[in-house]
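These notes are about the structure you will find just below.
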Amino acid sequence: MPETSSHRTGGPARALRLGVCGPVGTGKSSLIALLCRELSDSLRLGVVTNDIYTDEDARFLRSAGVLPAERIRAVETGACPHTAIRDDITANLIAVEQLEADFDPLDVVLLESGGDNLTATFSPALVDVQVFVLDVAGGGDVARKGGPGIERADLLVVNKTDLAPYVGVDCARMVADAHTARQGGPVVALSRTDPESVAALTGWVRAQLDRHRTGSLVPRDPGPMAAHSHDHVHA
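Given below as structure tokens:
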């Protein structure tokens, strides 16, 4: 078990709650598995997954052996995925608080949204910081289409960059579009086979944990709506 987990310097006396959301198939579960593998030697971690009718994501993570099975909890939302992470967070909040109580102290609880669309974001009452995940196999134009997660989540991950040559995507252009959409907000172009990108992701998570511990991390609400305008037609 890590020896540094109880380190607190004036921030909240609970774990950092980090949300991971994004469209179906972008690699949210794999990203959480990656973080668990990379960070579990030095940090105490827990996971809460969301699926509509199953606990499949939780079972995937348990079978992967990334954490002790009892540290991975599942919420079956029974409704649209964004409902349980934004509109009525009760089931997720109970799961997180129970996990923290059972394994106190934890450093980070990772919450995975069920796969949704470009409008999904977490309530700041549920998570302290959130990551939105896209993947190159979803199309090179997705990043520039915008939306609250793409534009205003705390971090945007462009995932599976190693697949770009096989799906005809200009990865550099997609990442540039992501930076433009986020107006300078952080973007990580990630491949599990690229140590530099993995280090960028884990370094970002550790930086958020440091901010949480010192009390300087204030949860921000990306909002359910992206900035938009309507052309007015005058008769």
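Following the working numbering, the numbering of the sequence shown begins with 87 at its first residue and continues without gaps. We put the CB at the ideal spot given by N, CA and C, even for glycine.
- Pairwise C-beta distances place the segment 114 to 130 in contact with the segment 143 to 152, as three or more of them are shorter than 8 Å.
- Counted as a single uninterrupted DSSP element, the alpha helix (DSSP H) harbouring arginine 259 occupies residues 257 to 268.
- 9 Å or more divides the Cβ of asparagine 203 from the Cβ of proline 308.
- Leaving aside the five residues that flank asparagine 245 on each side, the residues in its chain whose CB is nearer than 7 Å to its CB run, in chain order, Thr112, Gly113, Leu117, Val219, Leu220, Asp221, Leu276.
- Classified as exposed, glutamine 269 has fewer than 16 neighbouring CB atoms from the shown chains inside 10 Å of its CB.
- DSSP lists no bridge partner for valine 228.
- Of all alpha-carbon atoms in Leu129, Ile138, Asp174, the one lying nearest the alpha-carbon of valine 152 is that of Leu129.
- In the DSSP assignment, isoleucine 236 falls within the alpha helix (DSSP H) that extends over 234 to 238.
- Rounded to whole angstroms, the Cβ separation of aspartate 141 and glutamate 162 is 7 Å, and the two are in contact under 8 Å.
- For the set Glu186, Glu198, Asp190, Leu185, the Cα lying nearest the Cα of histidine 168 is the one of Glu198.
- Pairing valine 195 with alanine 101 gives a Cβ-Cβ distance under 9 Å.
- With a 10 Å radius around the Cβ and a threshold of 16 neighbouring Cβ atoms, serine 302 comes out exposed.
- Considered as a whole, the segment 92 to 139 harbours 102 to 107, 131 to 137 as its complete beta strand (DSSP E) runs of no fewer than 3 residues, in chain order.
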